[in-house]
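Scroll down for the structure; my scribbles are underneath it.
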Amino acid sequence: MNKASFIIRENWPRPDPSLIELFREVPTALVADALGHGFGVLDHDIRPVWNGPNFVGTALPVQTAPHDILAVHVAVKYSRPGDVIVISTGRSMTAAVLGGVTTVLLRNAGIIAAVTDGVVRDLSDIELNGLPVYAAGVSPGIPFKNGPGRIGLAVSLGRVAIEPGDIVIGDQDGVVVVPLCHADHTVKAIENAKRVESNLGAVLTSGVKVPPYVEKALAESHITYVR
Numbered sequence: 290m291n292k293a294s295f296i297i298r299e300n301w302p303r304p305d306p307s308l309i310e311l312f313r314e315v316p317t318a319l320v321a322d323a324l325g326h327g328f329g330v331l332d333h334d335i336r337p338v339w340n341g342p343n344f345v346g347t348a349l350p351v352q353t354a355p356h357d358i359l360a361v362h363v364a365v366k367y368s369r370p371g372d373v374i375v376i377s378t379g380r381s382m383t384a385a386v387l388g389g390v391t392t393v394l395l396r397n398a399g400i401i402a403a404v405t406d407g408v409v410r411d412l413s414d415i416e417l418n419g420l421p422v423y424a425a426g427v428s429p430g431i432p433f434k435n436g437p438g439r440i441g442l443a444v445s446l447g448r449v450a451i452e453p454g455d456i457v458i459g460d461q462d463g464v465v466v467v468p469l470c471h472a473d474h475t476v477k478a479i480e481n482a483k484r485v486e487s488n489l490g491a492v493l494t495s496g497v498k499v500p501p502y503v504e505k506a507l508a509e510s511h512i513t514y515v516r
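First residue of the sequence shown? That's 290 in the numbering used here, and the numbers climb one at a time after it.
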């Protein structure tokens, strides 16, 4: 019998809990506004599989072999409370990478959410266990437990590069990842985005039909009217 092979990084920088709390009540849409176009937003098909609570936590990246979940179970040993397990499967769609049993193990370890570009199963059990789970789909397919895998190293998931220790935020709109190295800047950008949103809200409640930015765009554009 061949031995399983794993590459494991045991420790990595994690954000201070006070920094995590600054993102606690911020919607993913506002975080996306702060990050800018095309940054940090996972593909639209990675969706919540049940109507669970919002979450914010620290990325624990896992790379699995196709159709295999042993690396997910190994990763639990190296997790810390408050982690979000981020499982890259290479978009494997035939075998579930998470189910009822695995979500119990994750919750027991203090992992607060799971995000994967693969599929999951046992939806009723997942909801009963209360763990927010985001996935690209659902399949009853049974996975292997042979390995190999990588834990605690960067992964690509949903067309976003995710480093260990990045801040992961999820709500009903989807998932956004804030690089740890940009977190402080993003907090400041969120405050600016809130001001912009507040100002626009005041304009909308005044009954305006055409927002000022549209009028500005029209004034600066070349327009050809036709009949």
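Cβ atoms here follow ideal geometry from the backbone N, Cα and C, with glycine treated the same way.
Source: prediction; values computed, not measured.
query: Residue ranges of each alpha helix (DSSP H) run of no fewer than 4 residues wholly in the region 378-435, ordered along the chain?
result: 389-397, 412-418
- request: State the DSSP-derived secondary structure class of Leu264, mapped to helix, strand or coil.
  value: Examination of residue 264 is not possible in this model, given that the chain is present from 290 through 516 alone.
query: Which class does Leu466 belong to by DSSP, given the choice of helix, strand or coil?
result: Numbered from 1 along the sequence shown, position 177 holds the residue referred to as residue 466. In the sequence as presented, Leu is not what sits at residue 466; that position holds Val. In this structure, Val466 counts as strand in the three-state DSSP scheme.
message: Only counting the same chain, and skipping five residues up and downstream in sequence, which positions put a Cβ closer than 8 Å to that of Gly399?
response: Along the sequence shown, read from residue 1 onward, the residue named residue 399 stands at position 110. So the list reads Ser368, Arg369, Pro370, Gly371, Asp372, once near-sequence residues are dropped.
Stretch pair the region 449-461 + the region 311-331: three plus CB contacts closer than 8 Å: yes
Straight-line Cα distance separating Val345 from Val467: Within the sequence shown, numbered from 1, the residue matching residue 467 stands at position 178. Within the sequence shown, numbered from 1, the residue matching residue 345 stands at position 56. Rounded to whole angstroms, Val467 to Val345 spans 10 Å at the Cα level.
query: Are Leu360 and Arg439 closer than 9 Å when you measure CB to CB?
result: Translated into the one-based positions of the sequence shown, residue 360 becomes position 71. Translated into the one-based positions of the sequence shown, residue 439 becomes position 150. Position check: residue 360 holds Ala in this sequence, whereas Leu was assumed. For Ala360 and Arg439, yes; Cβs fall inside 9 Å.
- prompt: Counting along the chain, where does the alpha helix (DSSP H) carrying Ile309 start and finish?
  reply: Counting from one through the sequence shown, the residue named residue 309 turns up at place 20. Per DSSP, Ile309 belongs to the alpha helix (DSSP H) from 306-310.
query: Residue range of the beta strand (DSSP E) that Ala354 falls in?
result: As a first step, residue 354 is located in the sequence shown; it is residue number 65 there, counting from the start. No beta strand (DSSP E) contains Ala354, which DSSP labels as neither H nor E.
query: So which of Pro429, Trp339, Arg303, Glu509 has the shortest CA-CA distance to Leu417?
result: Counting from one through the sequence shown, the residue named residue 417 turns up at place 128. Out of Pro429, Trp339, Arg303, Glu509, Trp339 has the C-alpha closest to the C-alpha of Leu417.
Short Cβ contact (9 Å threshold) for Ile456 with Ile358: Sequence index remark: in the sequence shown, residue 456 carries index 167 (1-based). Sequence index remark: in the sequence shown, residue 358 carries index 69 (1-based). It is not a contact, given that the beta carbons lie outside the stated cut-off.
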